[in-house]
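*Asks:*
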Amino acid sequence: MERKNTRVIKVGNRLIGGNNPITVQSMTNTLTKDIDSTIKQIKKLEEAGCDIIRVAISDMEDARSIDSISKAVDIPIIGDIQYDYKLALAAIEHGIDGLRINPGNIGGKEKIREIVKACKEKDISIRVGVNSGSIKKEYLDKYSGVNEYSMVYSALENVKLLEDLGFYDIKISLKASNVPLTIKSYMKISELCDYPLHLGITEAGPNWRGTIKSSVGIGTLLAMGIGDTIRISLTGDPVEEVRVGREILKSLGLLKEGLELISCPTCGRTKIDLIKIVEEAERRLDGIDKHIKVAIMGCPVNGPGEAREADIGIAGGNGEGLIFKKGQIVRKVKEEDLLDELIKEIKAMD
Ligand code: SF4
-9 MERKNTRVIK VGNRLIGGNN PITVQSMTNT LTKDIDSTIK QIKKLEEAGC DIIRVAISDM
51 EDARSIDSIS KAVDIPIIGD IQYDYKLALA AIEHGIDGLR INPGNIGGKE KIREIVKACK
111 EKDISIRVGV NSGSIKKEYL DKYSGVNEYS MVYSALENVK LLEDLGFYDI KISLKASNVP
171 LTIKSYMKIS ELCDYPLHLG ITEAGPNWRG TIKSSVGIGT LLAMGIGDTI RISLTGDPVE
231 EVRVGREILK SLGLLKEGLE LISCPTCGRT KIDLIKIVEE AERRLDGIDK HIKVAIMGCP
291 VNGPGEAREA DIGIAGGNGE GLIFKKGQIV RKVKEEDLLD ELIKEIKAMD
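Counting in this note's numbering, the sequence shown runs from -9 upward without gaps.
#1: Alpha carbons only, please: which of Ile336, Leu244 and Ala285 is nearest the one belonging to Asp279?
#2: According to DSSP, simplified to helix, strand and coil, what is Ala31?
#3: Out of Lys324, Thr225, Lys165 and Gly215, which has the shortest C-alpha to C-alpha gap to Leu239?
#4: What is the residue span of the beta strand (DSSP E) that Ala46 lies within?
#5: I need the straight-line Cα distance from Gly119 to Ile265, nearest angstrom please.
#6: Can you name, in chain order, every residue of its own chain whose Cβ lies under 7 Å from the Cβ of Leu151, other than the five neighbours on each side?
#7: Taking 7 Å as the cut-off, is the CB of Cys254 close to at least one heavy atom of the ligand SF4?
#8: I believe Tyr75 touches Ile56 by the beta-carbon criterion, under 8 Å. Please report the beta-carbon distance rounded to the nearest angstrom.
#9: I'd like the span of the beta strand (DSSP E) that includes Gly295, first residue to last.
#10: If you count every other CB in all the chains shown that lies within 10 Å of the CB of Asp188, and 16 or more means buried, which is it?
#11: Please determine whether the Cβ atom of Val284 lies at a distance below 7 Å from any heavy atom of the ligand PLP.
#12: With DSSP collapsed to three states, give me the class of Asn9.
#13: Please classify Arg221: does DSSP put it in a helix, a strand, or coil?
#14: In whole angstroms, what separates the C-alpha of Ile68 from that of Ile25?
Shown next, in the form of structure tokens:
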């Protein structure tokens, strides 16, 4: 999988594109002007591994809140602005690190020029984003409806408005809730330009369905080397979006941080309550920040063997289990102590 070489842009203290790590983004669902709640949520997201956060800027009070919020958090903040260029200017003035705005929607060249000037002065990048539900009628007519052509050319038209003013610190998103359409759109735009791409499946749905849709769509693109930053859109706690995003990156070897948990599906040979052990392990291992692979397997026949590549793990027996490291058995432990012992071993590892 060779990653497409894209232009590098800056969002606060993060670089997006080129060979820089693929970042995980999320969006707060607090009222931005509720400064305390917004800071609290961003801190939780930071802790979960969020690299960049987006907040809605719906009025001047939201824009002014950026001063206090950005001082209290460590990750860059992107302001999401619909239509009103004055909100964009105010957000820039109050310390926003990036904008998500469509130049075609803000009412003419002079307003775009003002935003571009302010962005250049403060070294702020802009995400141009097209959603399948909001493509202009002229593009729908020209390209016969919602498809990769209307998505891509509508985005490039917005990009051109910025390029005409000498502005190139741009990233692009082309989000649809339809996975094949999203994949085709990103593939196409990736052929046509070298701007970094922000991947997402929009309105993916509640956690379970949304996670699957996002993993298939975003995972397929990343596996083709397309994508520089990702956002999982789930109807739920944004912390879950970050966990899913990081897990997608880890599963493709694009994030080499944190613990990887593998476990067997269980079968007629399983003689311990493996499902309960794995559920509890997932919860308890969440806070351990070590780059190791942990395997929890149901039996000693296939357990250590199947998990040979794991750094440490459990292989269940009859009411007991073996702790193993690098495929070698270390000791036997009673079922009720298995997880405690495993966690003790993991904590003792370098
Ligand atoms: S590791 Fe053992 S218990 Fe688990 S699925 Fe494979 S054979 Fe069954």
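The beta-carbon is built from N, C-alpha and C at its ideal position, and this holds for glycine as well.
*Replies:* Per the coordinate set shown:
#1: Between Asp279 and the set Ile336, Leu244 and Ala285, the nearest pair of CA atoms involves Ile336.
#2: Sequence inspection shows Gln at residue 31; the Ala mentioned does not correspond to that position. Of the three classes helix, strand and coil, the one that applies to Gln31 here is helix, per DSSP.
#3: Leu239 has its Cα closest to that of Gly215, out of Lys324, Thr225, Lys165 and Gly215.
#4: Segment Ile42 to Ala46, the beta strand (DSSP E) holding Ala46.
#5: Answer to the nearest angstrom: the Cα atoms are 42 Å apart.
#6: The beta carbon of Leu151 is closer than 7 Å to those of Pro93, Gly94 and Ile102 in its chain, skipping five residues each way along the sequence.
#7: Cys254: yes, Cβ under 7 Å from the ligand SF4.
#8: Between Tyr75 and Ile56, the beta carbon gap of about 16 Å keeps them out of contact (Cβ cut-off 8 Å).
#9: Careful: Gly295 lies outside any beta strand (DSSP E), inside the alpha helix (DSSP H) at Gly293 to Glu296.
#10: The sequence given here places His at residue 188; Asp does not occur at that position. Buried, by the Cβ-count rule.
#11: As far as ligands go, the structure on display features the ligand SF4 and does not contain the ligand PLP.
#12: Asn9 falls in the coil class under three-state DSSP.
#13: Three-state DSSP puts Arg221 in a strand.
#14: When rounded, the distance between both Cα atoms is 15 Å.
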